[in-house]
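K.L.:
Quick note, the sequences are listed as chains A and B, same order.
Just so we're aligned, residue 16 is where the first sequence starts under the working numbering, counting upward by one.
Just so we're aligned, residue 16 is where the second sequence starts under the working numbering, counting upward by one.
The beta-carbon is built from N, C-alpha and C at its ideal position, and this holds for glycine as well.
No experiment lies behind these values; they were computed from the predicted model shown.
Number of protein chains: 2
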Amino acid sequence: MVVTVNENFNLIQNNYLFVEIARRVDEYQKENPDVDLIKMGIGDVTRPLAKSVIKAFHDAVDEMGDPETFRGYGPEQGYDFLIEDIIENDYKPLGIDLRNSEVFISDGAKCDTGNFQELFSQDNVIAVTDPVYPVYVDSNVMAGRSGKAGDDGFYEKIVYLPATAENNFVPALPQEDVDIIYLCYPNNPTGTTLTHEQLKEWVDYAKENDAIILFDAAYEAFIRTSDVPHSIYEIEGAKEVAVEFKSYSKVAGFTGTRCAYCVVPEELKINDSNGNKVGLTALWNRRQSTKFNGVSYPVQRTAQAIYTPEGKKEIKENLDYYVENAKLIRESLIDMGLDVYGGENSPYIWFKTPDGIDSWSFFNLLLNDAHVVSTPGVGFGPSGEGYIRLTAFNTYENTKKAMERIKQLNL
Amino acid sequence: MVVTVNENFNLIQNNYLFVEIARRVDEYQKENPDVDLIKMGIGDVTRPLAKSVIKAFHDAVDEMGDPETFRGYGPEQGYDFLIEDIIENDYKPLGIDLRNSEVFISDGAKCDTGNFQELFSQDNVIAVTDPVYPVYVDSNVMAGRSGKAGDDGFYEKIVYLPATAENNFVPALPQEDVDIIYLCYPNNPTGTTLTHEQLKEWVDYAKENDAIILFDAAYEAFIRTSDVPHSIYEIEGAKEVAVEFKSYSKVAGFTGTRCAYCVVPEELKINDSNGNKVGLTALWNRRQSTKFNGVSYPVQRTAQAIYTPEGKKEIKENLDYYVENAKLIRESLIDMGLDVYGGENSPYIWFKTPDGIDSWSFFNLLLNDAHVVSTPGVGFGPSGEGYIRLTAFNTYENTKKAMERIKQLNL
Numbered sequence: 016m017v018v019t020v021n022e023n024f025n026l027i028q029n030n031y032l033f034v035e036i037a038r039r040v041d042e043y044q045k046e047n048p049d050v051d052l053i054k055m056g057i058g059d060v061t062r063p064l065a066k067s068v069i070k071a072f073h074d075a076v077d078e079m080g081d082p083e084t085f086r087g088y089g090p091e092q093g094y095d096f097l098i099e100d101i102i103e104n105d106y107k108p109l110g111i112d113l114r115n116s117e118v119f120i121s122d123g124a125k126c127d128t129g130n131f132q133e134l135f136s137q138d139n140v141i142a143v144t145d146p147v148y149p150v151y152v153d154s155n156v157m158a159g160r161s162g163k164a165g166d167d168g169f170y171e172k173i174v175y176l177p178a179t180a181e182n183n184f185v186p187a188l189p190q191e192d193v194d195i196i197y198l199c200y201p202n203n204p205t206g207t208t209l210t211h212e213q214l215k216e217w218v219d220y221a222k223e224n225d226a227i228i229l230f231d232a233a234y235e236a237f238i239r240t241s242d243v244p245h246s247i248y249e250i251e252g253a254k255e256v257a258v259e260f261k262s263y264s265k266v267a268g269f270t271g272t273r274c275a276y277c278v279v280p281e282e283l284k285i286n287d288s289n290g291n292k293v294g295l296t297a298l299w300n301r302r303q304s305t306k307f308n309g310v311s312y313p314v315q316r317t318a319q320a321i322y323t324p325e326g327k328k329e330i331k332e333n334l335d336y337y338v339e340n341a342k343l344i345r346e347s348l349i350d351m352g353l354d355v356y357g358g359e360n361s362p363y364i365w366f367k368t369p370d371g372i373d374s375w376s377f378f379n380l381l382l383n384d385a386h387v388v389s390t391p392g393v394g395f396g397p398s399g400e401g402y403i404r405l406t407a408f409n410t411y412e413n414t415k416k417a418m419e420r421i422k423q424l425n426l
Numbered sequence: 016m017v018v019t020v021n022e023n024f025n026l027i028q029n030n031y032l033f034v035e036i037a038r039r040v041d042e043y044q045k046e047n048p049d050v051d052l053i054k055m056g057i058g059d060v061t062r063p064l065a066k067s068v069i070k071a072f073h074d075a076v077d078e079m080g081d082p083e084t085f086r087g088y089g090p091e092q093g094y095d096f097l098i099e100d101i102i103e104n105d106y107k108p109l110g111i112d113l114r115n116s117e118v119f120i121s122d123g124a125k126c127d128t129g130n131f132q133e134l135f136s137q138d139n140v141i142a143v144t145d146p147v148y149p150v151y152v153d154s155n156v157m158a159g160r161s162g163k164a165g166d167d168g169f170y171e172k173i174v175y176l177p178a179t180a181e182n183n184f185v186p187a188l189p190q191e192d193v194d195i196i197y198l199c200y201p202n203n204p205t206g207t208t209l210t211h212e213q214l215k216e217w218v219d220y221a222k223e224n225d226a227i228i229l230f231d232a233a234y235e236a237f238i239r240t241s242d243v244p245h246s247i248y249e250i251e252g253a254k255e256v257a258v259e260f261k262s263y264s265k266v267a268g269f270t271g272t273r274c275a276y277c278v279v280p281e282e283l284k285i286n287d288s289n290g291n292k293v294g295l296t297a298l299w300n301r302r303q304s305t306k307f308n309g310v311s312y313p314v315q316r317t318a319q320a321i322y323t324p325e326g327k328k329e330i331k332e333n334l335d336y337y338v339e340n341a342k343l344i345r346e347s348l349i350d351m352g353l354d355v356y357g358g359e360n361s362p363y364i365w366f367k368t369p370d371g372i373d374s375w376s377f378f379n380l381l382l383n384d385a386h387v388v389s390t391p392g393v394g395f396g397p398s399g400e401g402y403i404r405l406t407a408f409n410t411y412e413n414t415k416k417a418m419e420r421i422k423q424l425n426l
């Protein structure tokens, strides 16, 4: 025999989206070194870590330099000090009770949403809204659940649930038989949300159809409207059908610091092939214990500082800053006569390109003529064609300048 | 249809070893709160981070608090500043040239060695030395490459290469047809090493048999003997057949700080089912870009400090400290008349239990009667039965005390 490659990797359609954008931007910048690009493509923050968060980081680093307080391996699942603060602050106020054993600290929601599919058998059918965060699709392609991609960009075995202006970005329940549904609300990339009633339909669907929902709530902190649920567990019975992913990346500017968590309730049990019920909490615990060694101790202490009164106040100021940017982008684009979505409970603004121009062409136009880096909607899936995503994570000054530059294009 | 579980998880034989040890120790400590246990089980360090390393950590944290120097998402593969220092310090002095694109920074060798199997097709045959670090086996069990475990503890589809006192801990080349070979030298758990000549046999075998070697060099920094290679790439042609995993956990006390790296040379190409060659560097890059978001920026700066003249001096002091402990353990156990291995180029000491008592019974004896936490050899695989692993990572004082306590057992 001969060692052979996992050929599912060949089925991936192109470069990871943000790597491809970075490549194009680098190329442009090399050819045009004097151009002052404004980056509103990748969802990366620009505000520094909050003061009290930095203080906690320093304190924990000091602990690591002192033999009395030094910490080696921590629990793979994360330290209880952080898990308890998460439950107390992110869930109790919503009326949701969680056990410590149901919360798993990780180094990113990308890792968690990419890895979680390992717990399922290979023949499960995946459903994603379209457009969608590429990690859900690509990690399942690598795992052999996708089949081949057609010329239309759709993988043959994945069920796509379009979310477009035509259905007001509320995807219809699947007509096909699906097992694992990825939902992200507030949505990446469209910036749209589901109401409590709309999310309840998905939970009910999952219950009736023995499906599971992998719910990505990475942008929850941007919710400002009262009818939008902050957690899927606000929906009755959701613990029996849903895993929830959260991240500190956007909440507290942790994109370079790396900390996130996911919730896997003990009530969440799925079938083995004999029809016996298997609890996913224990399974995820086993996966993490085997292939992960926990998050850096100082980083966990840093995340904990977000939950102090001072930390809460400071990160709210940062969030409000980005919310103001989102409002500015949204209103500016509407003023230009564009069809604009999102940007109200989300740092993402999604808009239709003018005159039906395709996403990558408009990406190039914004790059070359406005010196603004965006994300082409089609990079998130076929239904994203003809759309562009902008993010609210740049500075207010740059955001304003970018809007003026786009306005001068006279779209 | 119904969502179903990855049943390969059911094939795992028991709890992850170190979780099981922690559970037993917790239980004992609860029942005996006044007993002063000395922990020499899990390979966790006790010396704090070095001074210059702590300084670099603080400096990088300060950068994260300043809008001018704040860093968001970094490259998934790691920052070039660290990659370049790795190549310059860990490889150039050995006569090994590497490209930046061949080095991938991660949050741990456990993650890397656990995840790397994703790049291979499911029907590849895995070979492990026995005893072995459990992650290699368990990650392949989860991926469906193991088949069932027999009563003897061996998985039916995995090829085991015994390393015992009988063959002087030099495993024989496989008789069966194998595709992926996990090697760890200096070895965990036995603390033994391979010479340049012995390692060359494996590289030659891999070349002749179209196999690949996943080489775990996490304990390289403990090598003190000149005939032991520091990298598999010291062997001619190894770049065509081997991936190398390195970790800062033991080198610089990063078990709680989290940083490691792996090397995937461009020369390393394997077959797809049509016999076309596929480069693993690009494949691993794609895997990491999709499912990983890079290591915390301050942590990468912290790791970089290890390569400064001051950092090198300080971590050498820490390493020498552990080397002294290893020597003390080794010599003490030999004085007690035990058969002792390792502990010379390794922080691990491996010894035969007296009178053929089984590993877990002797683990319990050491726990109950000497109040020393060890690791039962059988936890690393069937050929580890009748052996015990001790680690040199406790303080010198505790190590000495532990040796005195074991001596009083009059084994």
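Leaving out the 5 sequence neighbours to the left and right, which residues in its chain are closer than 7 Å to E91 of chain A when beta-carbon positions are compared?
P.N.:
In the first sequence, the residue the question calls residue 91 of chain A occupies position 76. Q303, S304, F307, N308 and G309, listed in sequence order.
K.L.:
Once the 5 residues before and after T296 of chain A are set aside, which same chain residues still bring their CB inside 8 Å of it?
P.N.:
The residue labelled residue 296 of chain A in the question sits at position 281 within the first sequence. Closer than 8 Å at Cβ, skipping near neighbours: S116, E117, V279, P280, E281 and L283.
K.L.:
Assuming Y312 of chain B is part of the alpha helix (DSSP H), what are its boundary residues?
P.N.:
In the second sequence, the residue the question calls residue 312 of chain B occupies position 297. Segment Y312 to Q319, the alpha helix (DSSP H) holding Y312 of chain B.
K.L.:
Return the chain-ordered ranges of every beta strand (DSSP E) run that is complete within the region 106–150 of chain B and spans a minimum of 3 residues.
P.N.:
118–121 and 141–145
K.L.:
Drop a sphere of 10 angstroms on the beta-carbon of D138 of chain A, count the other beta-carbons inside from all chains shown, and report buried for 16 or more, exposed for fewer.
P.N.:
The residue given as residue 138 of chain A occupies position 123 in the first sequence. With fewer than 16 other Cβ atoms within 10 Å, it is exposed.
K.L.:
Quick check on L32 of chain B: buried or exposed, where buried means 16 or more other Cβ atoms within 10 Å of its Cβ?
P.N.:
Counting from 1 along the second sequence, the entry for residue 32 of chain B is found at position 17. That one is buried.
K.L.:
Can you give me the start and stop residues for the alpha helix (DSSP H) that I344 of chain B sits inside?
P.N.:
To locate residue 344 of chain B, count along the second sequence from 1; it is residue 329. Its alpha helix (DSSP H) spans residues P324 to D350.
K.L.:
For a test of the three-state rule: what should DSSP assign to A257 of chain B, helix, strand or coil?
P.N.:
Reading the second sequence from its first residue, position 242 is the one you call residue 257 of chain B. In the structure shown, A257 of chain B sits in a strand (DSSP, three-state: E or B).
K.L.:
For A75 of chain A, collect the residues of the same chain with a Cβ closer than 7 Å to its Cβ; drop the 5 residues on either side in sequence, then sort them by chain order.
P.N.:
Here residue 75 of chain A refers to the residue found at position 60 when the first sequence is read from its first residue. Correct list, in chain order: Y312, P313, R316 and T317.
K.L.:
Should S9 of chain B go down as buried or exposed, given a rule of 16 or more other Cβ atoms within 10 Å for buried?
P.N.:
The structure shown does not extend to residue 9 of chain B, since chain B is modelled only from 16 to 426, so the question has no answer here.
K.L.:
Quick test of your reading: K415 of chain B and L343 of chain B, contact by CB under 8 Å. State the CB separation rounded to the nearest angstrom.
P.N.:
Looking up residue 415 of chain B in the second sequence gives position 400. Looking up residue 343 of chain B in the second sequence gives position 328. About 7 Å separates the Cβ atoms of K415 of chain B and L343 of chain B, confirming a contact at the 8 Å cut-off.
K.L.:
Is there at least one non-hydrogen atom of the ligand FAD closer than 7 Å to the beta-carbon of L334 of chain B?
P.N.:
For the ligand FAD, the structure offers nothing, since it holds no ligand at all.
K.L.:
According to a CB-to-CB cut-off of less than 8 Å, which residues of the region 45–62 of chain B neighbour chain A?
P.N.:
I57, D59, V60, T61 and R62
K.L.:
Quick check on the DSSP output: what are the complete beta strand (DSSP E) runs of length 3 or more inside the region 210–266 of chain A, in order along the chain?
P.N.:
227–231 and 257–262
K.L.:
Just to confirm the assignment, what range does the beta strand (DSSP E) spanning V174 of chain A have?
P.N.:
Stepping through the first sequence from its first residue, residue 174 of chain A is reached at position 159. Segment V174 to P177, the beta strand (DSSP E) holding V174 of chain A.
K.L.:
Identify, in the order they occur along the chain, each residue of the same chain with its Cβ nearer than 7 Å to the Cβ of V387 of chain A, setting aside the five sequence neighbours on each side.
P.N.:
Position 372 of the first sequence, counted from the start, is the residue given in the question as residue 387 of chain A. Around V387 of chain A: I53, M55, L381, A417, R420 and I421.
K.L.:
Would you call the region 161–180 of chain B and the region 214–228 of chain B touching, i.e. three or more CB-CB distances under 8 Å?
P.N.:
no
K.L.:
State yes or no: is the beta carbon of G252 of chain A nearer than 8 Å to at least one beta carbon in chain B?
P.N.:
For the purposes of this step, residue 252 of chain A is identified with residue 237 of the first sequence, where counting begins at 1. No, its Cβ sits nowhere closer than 8 Å to a Cβ of chain B.
K.L.:
Give the straight-line distance between the Cα atoms of W365 of chain A and E133 of chain B, rounded to the nearest whole angstrom.
P.N.:
Along the first sequence, read from residue 1 onward, the residue named residue 365 of chain A stands at position 350. Along the second sequence, read from residue 1 onward, the residue named residue 133 of chain B stands at position 118. Annotation: W365 of chain A to E133 of chain B spans about 35 Å, alpha carbon to alpha carbon.
K.L.:
Please classify V50 of chain A as buried or exposed, where buried requires at least 16 other C-beta atoms within 10 Å of its C-beta.
P.N.:
Counting from one through the first sequence, the residue named residue 50 of chain A turns up at place 35. With fewer than 16 Cβ atoms within 10 Å of its Cβ, V50 of chain A is classed as exposed.
K.L.:
Measure the CB-CB distance between Y106 of chain A and T207 of chain A and report whether it falls below 8 Å.
P.N.:
Numbered from its first residue, the first sequence carries residue 106 of chain A at position 91. Numbered from its first residue, the first sequence carries residue 207 of chain A at position 192. For Y106 of chain A and T207 of chain A, no; Cβs fall outside 8 Å.
K.L.:
Name, please, each residue of chain A whose Cβ falls closer than 8 Å to the Cβ of K69 of chain B.
P.N.:
What you label residue 69 of chain B is simply residue 54 of the second sequence in a count that begins at 1. The question names Lys, yet the displayed sequence has Ile at residue 69 of chain B. Neighbours of I69 of chain B on chain A, chain order: V76, D77, M79 and G80.
K.L.:
When DSSP builds the beta bridges, which residues end up paired with R404 of chain A?
P.N.:
Sequence index remark: in the first sequence, residue 404 of chain A carries index 389 (1-based). DSSP output for R404 of chain A lists A:W365 and A:T390 as bridge partner(s).
K.L.:
Quick one: give me the first and last residue of the beta strand (DSSP E) that Y276 of chain A is part of.
P.N.:
Counting from 1 along the first sequence, the entry for residue 276 of chain A is found at position 261. A275 to V278 is the extent of the beta strand (DSSP E) around Y276 of chain A.
K.L.:
Taking Cβ positions only, does R404 of chain B come closer than 8 Å to chain A?
P.N.:
Counting from 1 along the second sequence, the entry for residue 404 of chain B is found at position 389. It does not: the Cβ of R404 of chain B has no partner Cβ on chain A nearer than 8 Å.
K.L.:
Determine, using beta carbons only, whether D153 of chain B comes closer than 8 Å to chain A.
P.N.:
For this step, residue 153 of chain B is matched to residue 138 along the second sequence. It does; some Cβ of chain A falls within 8 Å.
K.L.:
I need the straight-line Cα distance from S347 of chain A to A178 of chain A, nearest angstrom please.
P.N.:
Reading the first sequence from its first residue, position 332 is the one you call residue 347 of chain A. Reading the first sequence from its first residue, position 163 is the one you call residue 178 of chain A. Answer to the nearest angstrom: the Cα atoms are 24 Å apart.
K.L.:
Just to confirm the assignment, what range does the beta strand (DSSP E) spanning N286 of chain A have?
P.N.:
The residue given as residue 286 of chain A occupies position 271 in the first sequence. Looking at the DSSP string, the run of the beta strand (DSSP E) that includes N286 of chain A is K284 to N286.
K.L.:
Can you tell me which of the three DSSP states K163 of chain B falls into?
P.N.:
Against the second sequence, residue 163 of chain B aligns to sequence position 148. The answer is coil: DSSP assigns K163 of chain B none of H, G, I, E or B.
K.L.:
Give me the chain A residues within the contact set of A226 of chain B, using Cβ-Cβ distance strictly less than 9 Å, ordered along the chain.
P.N.:
On the second sequence, position 211 is the one that residue 226 of chain B refers to. What A226 of chain B touches in chain A: M16, V17 and V18.
K.L.:
Tell me whether Q319 of chain B is buried or exposed, calling it buried when 16 or more other Cβ atoms sit within 10 Å of its Cβ.
P.N.:
Here residue 319 of chain B refers to the residue found at position 304 when the second sequence is read from its first residue. Under this definition Q319 of chain B is a buried residue.
K.L.:
Can you look up T305 of chain B in the DSSP assignment and give me helix, strand or coil?
P.N.:
What you label residue 305 of chain B is simply residue 290 of the second sequence in a count that begins at 1. T305 of chain B: helix per DSSP, three-state reduction.
K.L.:
What first and last residue would you give for the beta strand (DSSP E) that runs through L382 of chain A?
P.N.:
As a first step, residue 382 of chain A must be located in the first sequence, where it is residue number 367. Boundaries cannot be given for L382 of chain A, as no beta strand (DSSP E) includes it and DSSP labels it neither H nor E.
K.L.:
What residue range does the alpha helix (DSSP H) around V34 of chain A cover?
P.N.:
Translated into positions along the first sequence, residue 34 of chain A becomes position 19. Its alpha helix (DSSP H) spans residues L32 to E46.
K.L.:
Go ahead and pull the three-state DSSP assignment for I507 of chain A.
P.N.:
No answer is possible for residue 507 of chain A: the residues shown for chain A start at 16 and end at 426.
K.L.:
Taking a cut of 8 Å between CB atoms, which residues from the region 118–144 of chain B lie near chain A?
P.N.:
So the list reads D122, G123, K125, C126, G129, N130, E133, L134, F135, S136, Q137, D138, N139 and V140, given in the order they occur along the chain.
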